[in-house]
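Trainee: This is the structure, below, for whatever I ask next.
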Amino acid sequence: MQLLKVLARVLEYPNEELQQSRDALVAVVLEDDRLPVRNKERLLNCLDRLCDDDLLDLQETYVGLFDKGRAMSLLLFEHVHGESRDRGQAMVDLMEEYRRNGLEIDARELPDYLPLFLEYLSTRPWEDIRSWLEDIHHILGLLGERLYQRQSFYHVVMDALLVLSGRKTDRQELARLVASEERDDTPEALDKVWEEEMVKFVDDQGSSCNTGGVVGQRRRELEQTQTIHLSEQLMTDATPRPAGRA
Numbered sequence: 029m030q031l032l033k034v035l036a037r038v039l040e041y042p043n044e045e046l047q048q049s050r051d052a053l054v055a056v057v058l059e060d061d062r063l064p065v066r067n068k069e070r071l072l073n074c075l076d077r078l079c080d081d082d083l084l085d086l087q088e089t090y091v092g093l094f095d096k097g098r099a100m101s102l103l104l105f106e107h108v109h110g111e112s113r114d115r116g117q118a119m120v121d122l123m124e125e126y127r128r129n130g131l132e133i134d135a136r137e138l139p140d141y142l143p144l145f146l147e148y149l150s151t152r153p154w155e156d157i158r159s160w161l162e163d164i165h166h167i168l169g170l171l172g173e174r175l176y177q178r179q180s181f182y183h184v185v186m187d188a189l190l191v192l193s194g195r196k197t198d199r200q201e202l203a204r205l206v207a208s209e210e211r212d213d214t215p216e217a218l219d220k221v222w223e224e225e226m227v228k229f230v231d232d233q234g235s236s237c238n239t240g241g242v243v244g245q246r247r248r249e250l251e252q253t254q255t256i257h258l259s260e261q262l263m264t265d266a267t268p269r270p271a272g273r274a
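With this note's numbering, you'll find the sequence shown wraps up at 274, consecutive numbering, no jumps.
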């Protein structure tokens, strides 16, 4: 399902490759036959923003959204298991799922990274896609509402995934829940995380506090080569973008 490749790409760190891929990305959205028209229009507007706005501003916004605090983490198991040991086993199980179906990933990418997960789902039959998205619909709903309340256009990606999952959420209840949450991306909250990481560093006797936890995740990822890319088929065979859209 090529649409999932587009959604994965939108959720990755913005770069020049994304902006240069505009026509191919738009063509996939227009050709999709599962997403309702209203969701398509919102996704196309999101792509317009990502391709037209200043790249440095987009990158700064991305880091501010997804790399400060756990609430907006794109690591799925962060929202289910936190730092518990269960997260490790869940990672192992998901890696085995990937391998069993022919996907080998770069060791530097965590298997529960949402763009990578969507890249994997894009290779699966529709029944599997629907089932997996249904399993994580509660995470998608929370992320979408948090993005919406932070006035981020990225919320349209979560909305699209929820539609594809076939599960409806109680938007009013989600809105109340998110509004009552204490933000974990404030300077005070981030300072507290650093203090906790330092304590962990001391307790672990030699483990590096500079590479642990959610804070610093983007620092590590920016030092690594992006390993998720649109397939050559998507880039070369996509139809030209129809005239009439800005």
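No residue lacks a Cβ here, since even glycine has one placed at the ideal position from N, Cα and C.
All figures in this text were calculated on a predicted structure; none of them were measured in a lab.
1. What do you get for Glu106, buried or exposed, if any count of 16 or more other CB atoms within 10 angstroms of its CB means buried?
2. Whose CA, out of Pro64, Asn43, Gln47 and Leu103, lies closest to the CA of Leu189?
3. If you draw a straight line from the C-alpha of Tyr182 to the C-alpha of Arg113, how long is it?
4. Across which residues does DSSP place Tyr182 in a beta bridge pair?
5. Just to confirm my understanding: we take Val34, look at its own chain, exclude 5 residues before and 5 after, and list those with CB closer than 7 Å. What are they?
6. Excluding sequence positions up to five away, which residues of its chain have a Cβ less than 8 Å from the Cβ of Gly130?
7. Taking the C-alpha atoms as reference points, what is the distance between Gly97 and Asp156?
8. Using DSSP with H/G/I as helix, E/B as strand and the rest coil, what is Leu103?
9. Quick check: what's the CA-CA separation for Val38 versus Asp76?
10. If you compare alpha carbons, which of Arg211, Leu161, Arg128 and Met123 is closest to Leu175?
11. Can you have a look at Val120 and say buried or exposed, based on whether 16 or more other CB atoms are within 10 angstroms of its CB?
Mentor: Taking the coordinates as given:
1. Label assigned to Glu106: buried.
2. Proximity to Leu189 across Pro64, Asn43, Gln47 and Leu103 peaks at Pro64, based on C-alpha coordinates.
3. Just so you know, the alpha carbons of Tyr182 and Arg113 end up roughly 30 Å apart.
4. Residue pairing by DSSP leaves Tyr182 without any beta bridge partner.
5. Taking C-beta separations shorter than 7 Å and ignoring five residues to either side along the sequence, the partners of Val34 in its chain run Leu53, Val56 and Val57, following chain order.
6. Result list for Gly130: Thr151, in chain order.
7. Distance from the CA atom of Gly97 to the CA atom of Asp156, rounded to whole angstroms, is 31 Å.
8. Residue state, collapsed to three classes: strand.
9. Each residue's alpha carbon lies about 11 Å from the other.
10. Minimum Cα distance to Leu175 is reached at Arg211.
11. With fewer than 16 other Cβ atoms inside 10 Å of its own Cβ, Val120 counts as exposed.
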